[in-house]
Amino acid sequence: MHRIAHFAFGSIVVAASLAAPCRAAVIEQTPSGFAIQQKLHIAAPADKVYAALLVPAKWWNSDHTYSNDAANLTLEARAGGCFCEQLPGGGSVQHATVWTLMPGVMLRLRGPLGPFQGQGVDAALTFTLKAAGDGTDLTLDNLVGGYMKGGFGNWPAAADGMLAGTMARLKMYIETGSPDTRP
(Lines of atoms letter the chains of each structure in order from A and count residues from 1; the text may use other names and numbers.)
(Lines give C-alpha, C1' and ligand atoms only; values in the text may rest on other atoms or scores of the structure.)
Protein backbone atom coordinates (compact mmCIF):
# COMPACT_ATOMS: atom_id res chain seq x y z
CA MET A 1 0.00 0.00 0.00
CA HIS A 2 2.80 2.44 0.92
CA ARG A 3 4.52 1.77 -2.40
CA ILE A 4 1.27 2.34 -4.30
CA ALA A 5 0.73 5.66 -2.53
CA HIS A 6 4.25 6.80 -3.49
CA PHE A 7 3.64 5.79 -7.12
CA ALA A 8 0.25 7.51 -7.29
CA PHE A 9 1.57 10.71 -5.75
CA GLY A 10 4.67 10.60 -7.97
CA SER A 11 2.50 10.24 -11.07
CA ILE A 12 0.45 13.23 -10.02
CA VAL A 13 3.59 15.29 -9.43
CA VAL A 14 4.72 14.63 -13.01
CA ALA A 15 1.25 15.21 -14.50
CA ALA A 16 0.69 18.36 -12.48
CA SER A 17 4.03 19.82 -13.49
CA LEU A 18 3.07 19.37 -17.13
CA ALA A 19 -0.52 20.65 -16.95
CA ALA A 20 -1.10 22.78 -13.86
CA PRO A 21 -1.80 26.43 -14.63
CA CYS A 22 -0.77 27.56 -11.17
CA ARG A 23 2.38 28.64 -9.41
CA ALA A 24 2.99 25.88 -6.88
CA ALA A 25 5.66 25.41 -4.30
CA VAL A 26 6.69 23.73 -1.11
CA ILE A 27 7.64 27.01 0.56
CA GLU A 28 9.02 25.49 3.76
CA GLN A 29 10.01 22.06 5.01
CA THR A 30 11.27 21.06 8.45
CA PRO A 31 11.64 17.67 10.16
CA SER A 32 8.21 18.19 11.75
CA GLY A 33 6.21 19.53 8.81
CA PHE A 34 5.90 21.56 5.67
CA ALA A 35 4.03 24.42 4.00
CA ILE A 36 2.70 24.51 0.45
CA GLN A 37 1.40 27.58 -1.33
CA GLN A 38 -0.21 27.60 -4.74
CA LYS A 39 -1.63 30.54 -6.65
CA LEU A 40 -3.66 30.78 -9.81
CA HIS A 41 -6.01 33.12 -11.60
CA ILE A 42 -9.51 31.93 -12.45
CA ALA A 43 -11.56 33.79 -15.06
CA ALA A 44 -14.69 34.00 -12.89
CA PRO A 45 -15.97 36.20 -10.07
CA ALA A 46 -15.05 35.29 -6.48
CA ASP A 47 -18.61 34.26 -5.58
CA LYS A 48 -18.60 31.67 -8.40
CA VAL A 49 -15.18 30.34 -7.33
CA TYR A 50 -16.32 30.14 -3.71
CA ALA A 51 -19.53 28.32 -4.67
CA ALA A 52 -17.50 25.75 -6.62
CA LEU A 53 -15.16 25.15 -3.68
CA LEU A 54 -18.19 24.03 -1.66
CA VAL A 55 -19.01 21.24 -4.14
CA PRO A 56 -15.85 19.07 -4.36
CA ALA A 57 -17.86 16.24 -5.94
CA LYS A 58 -17.90 18.32 -9.14
CA TRP A 59 -14.13 18.87 -9.49
CA TRP A 60 -12.08 16.70 -7.09
CA ASN A 61 -10.05 13.93 -8.74
CA SER A 62 -11.66 10.51 -8.18
CA ASP A 63 -8.15 9.02 -8.01
CA HIS A 64 -7.74 10.84 -4.69
CA THR A 65 -10.75 9.32 -2.95
CA TYR A 66 -11.19 6.10 -1.00
CA SER A 67 -14.21 5.09 -3.11
CA ASN A 68 -12.58 6.01 -6.45
CA ASP A 69 -15.57 8.26 -7.15
CA ALA A 70 -15.52 11.99 -6.36
CA ALA A 71 -19.34 11.98 -6.60
CA ASN A 72 -19.25 10.50 -3.08
CA LEU A 73 -17.69 13.68 -1.62
CA THR A 74 -19.67 16.28 0.32
CA LEU A 75 -18.75 19.45 2.13
CA GLU A 76 -21.13 20.82 4.78
CA ALA A 77 -20.91 24.59 4.39
CA ARG A 78 -20.87 25.54 8.09
CA ALA A 79 -18.23 25.83 10.80
CA GLY A 80 -17.77 22.30 12.16
CA GLY A 81 -19.10 20.84 8.92
CA CYS A 82 -17.63 17.71 7.41
CA PHE A 83 -15.64 17.32 4.21
CA CYS A 84 -16.66 13.68 3.98
CA GLU A 85 -16.93 10.75 1.63
CA GLN A 86 -19.51 7.98 1.58
CA LEU A 87 -18.10 4.51 0.95
CA PRO A 88 -19.85 1.49 -0.52
CA GLY A 89 -21.33 -0.79 2.12
CA GLY A 90 -22.23 2.03 4.50
CA GLY A 91 -18.72 3.23 5.39
CA SER A 92 -17.50 6.80 5.38
CA VAL A 93 -14.36 8.92 5.63
CA GLN A 94 -13.97 12.33 7.27
CA HIS A 95 -11.25 14.02 5.24
CA ALA A 96 -11.39 17.33 7.11
CA THR A 97 -13.55 19.63 9.21
CA VAL A 98 -14.69 23.06 8.08
CA TRP A 99 -13.16 25.69 10.39
CA THR A 100 -13.86 28.95 8.59
CA LEU A 101 -16.32 30.03 5.90
CA MET A 102 -16.24 33.58 4.58
CA PRO A 103 -18.34 33.62 1.39
CA GLY A 104 -16.38 34.94 -1.57
CA VAL A 105 -13.29 35.46 0.59
CA MET A 106 -12.00 32.30 2.30
CA LEU A 107 -12.58 28.63 3.10
CA ARG A 108 -10.44 26.85 5.72
CA LEU A 109 -10.44 23.12 6.44
CA ARG A 110 -8.59 21.22 9.16
CA GLY A 111 -7.52 17.62 8.77
CA PRO A 112 -4.76 15.57 7.17
CA LEU A 113 -5.63 14.36 3.68
CA GLY A 114 -4.83 11.04 2.03
CA PRO A 115 -1.80 9.17 3.33
CA PHE A 116 -1.31 11.74 6.10
CA GLN A 117 -4.59 10.69 7.70
CA GLY A 118 -3.05 7.56 9.23
CA GLN A 119 -0.11 9.48 10.70
CA GLY A 120 0.27 11.67 13.79
CA VAL A 121 -0.15 14.90 11.85
CA ASP A 122 -2.65 17.72 11.56
CA ALA A 123 -3.17 20.02 8.60
CA ALA A 124 -4.81 23.32 7.74
CA LEU A 125 -5.93 23.81 4.14
CA THR A 126 -6.94 27.40 3.32
CA PHE A 127 -8.37 28.75 0.08
CA THR A 128 -8.21 32.56 -0.14
CA LEU A 129 -10.02 34.44 -2.91
CA LYS A 130 -9.33 37.97 -4.13
CA ALA A 131 -11.01 39.80 -7.01
CA ALA A 132 -8.45 40.63 -9.69
CA GLY A 133 -8.96 41.99 -13.16
CA ASP A 134 -11.30 39.74 -15.12
CA GLY A 135 -11.67 37.18 -12.34
CA THR A 136 -10.31 35.87 -9.08
CA ASP A 137 -6.85 35.17 -7.73
CA LEU A 138 -7.07 31.97 -5.69
CA THR A 139 -4.37 31.07 -3.17
CA LEU A 140 -4.16 27.66 -1.54
CA ASP A 141 -2.10 27.31 1.64
CA ASN A 142 -1.58 23.83 3.05
CA LEU A 143 0.25 23.57 6.38
CA VAL A 144 1.03 20.05 7.62
CA GLY A 145 2.83 19.25 10.86
CA GLY A 146 3.36 16.57 13.45
CA TYR A 147 4.83 13.09 13.53
CA MET A 148 5.23 11.17 10.25
CA LYS A 149 6.55 7.63 10.64
CA GLY A 150 9.82 7.47 8.70
CA GLY A 151 9.88 11.26 8.32
CA PHE A 152 8.32 13.49 5.72
CA GLY A 153 10.96 12.72 3.07
CA ASN A 154 9.50 13.34 -0.39
CA TRP A 155 5.91 13.63 0.84
CA PRO A 156 5.81 17.45 0.67
CA ALA A 157 6.62 17.42 -3.07
CA ALA A 158 4.08 14.64 -3.64
CA ALA A 159 1.38 16.55 -1.75
CA ASP A 160 2.24 19.69 -3.71
CA GLY A 161 1.77 17.79 -6.98
CA MET A 162 -1.56 16.33 -5.89
CA LEU A 163 -2.84 19.74 -4.80
CA ALA A 164 -1.60 21.38 -8.03
CA GLY A 165 -3.59 18.81 -10.01
CA THR A 166 -6.61 19.47 -7.80
CA MET A 167 -6.34 23.23 -8.34
CA ALA A 168 -6.04 22.68 -12.11
CA ARG A 169 -9.26 20.63 -12.04
CA LEU A 170 -11.05 23.31 -10.01
CA LYS A 171 -9.98 26.03 -12.46
CA MET A 172 -11.04 23.93 -15.45
CA TYR A 173 -14.41 23.14 -13.84
CA ILE A 174 -15.16 26.79 -13.08
CA GLU A 175 -14.04 28.11 -16.47
CA THR A 176 -15.47 25.35 -18.72
CA GLY A 177 -18.04 23.42 -16.68
CA SER A 178 -15.92 20.25 -16.67
CA PRO A 179 -12.88 19.42 -14.51
CA ASP A 180 -11.48 17.13 -17.19
CA THR A 181 -8.32 18.69 -18.63
CA ARG A 182 -8.26 16.32 -21.61
CA PRO A 183 -9.45 17.66 -24.98
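For the sequence shown, this note's numbering begins at 271 and goes up steadily by one. In this text, a Cβ means the ideal position worked out from N, Cα and C, and glycines have one as well. None of the values given here were measured: they were computed from a predicted structure.
- In terms of Cα proximity to glutamine 387, the closest of Leu399, Leu371, Ala366, Leu395 is Ala366.
- Taking 8 Å as the upper bound for CB-CB distance, glycine 435 and leucine 399 are not in contact here, some 20 Å apart.
- Residue environment for tyrosine 443: buried (at least 16 other C-beta atoms within 10 angstroms of its C-beta).
- Leaving aside the five residues that flank glycine 390 on each side, the residues in its chain whose CB is nearer than 6 Å to its CB run, in chain order, Gly416, Tyr417.
- In the three-state reduction of the DSSP assignment, methionine 376 falls in the strand class.
- One thing to note: proline 326 has its Cβ no nearer than 7 Å to the Cβ of leucine 310.
- Its Cα nearest to that of aspartate 339, the residue Pro358 stands out among Gly350, Ala349, Gly351, Pro358.
- When beta bridges are read from the DSSP output, aspartate 392 appears opposite Gly415.
- Taking a contact to require three or more Cβ pairs closer than 8 Å, the stretch 300-317 and the stretch 418-431 qualify as touching.
- Counting only residues of its own chain and dropping the five nearest sequence neighbours on each side, leucine 377 has a CB closer than 8 Å to the CB of Tyr320, Leu323, Leu324, Val368, Thr370, Leu371, Thr396, Phe397.
- In this chain, glycine 303 is not harboured by any alpha helix (DSSP H); it is covered by the beta strand (DSSP E) spanning 303-312.
- One alpha carbon belongs to leucine 408, the other to isoleucine 312, and they sit about 7 Å apart.
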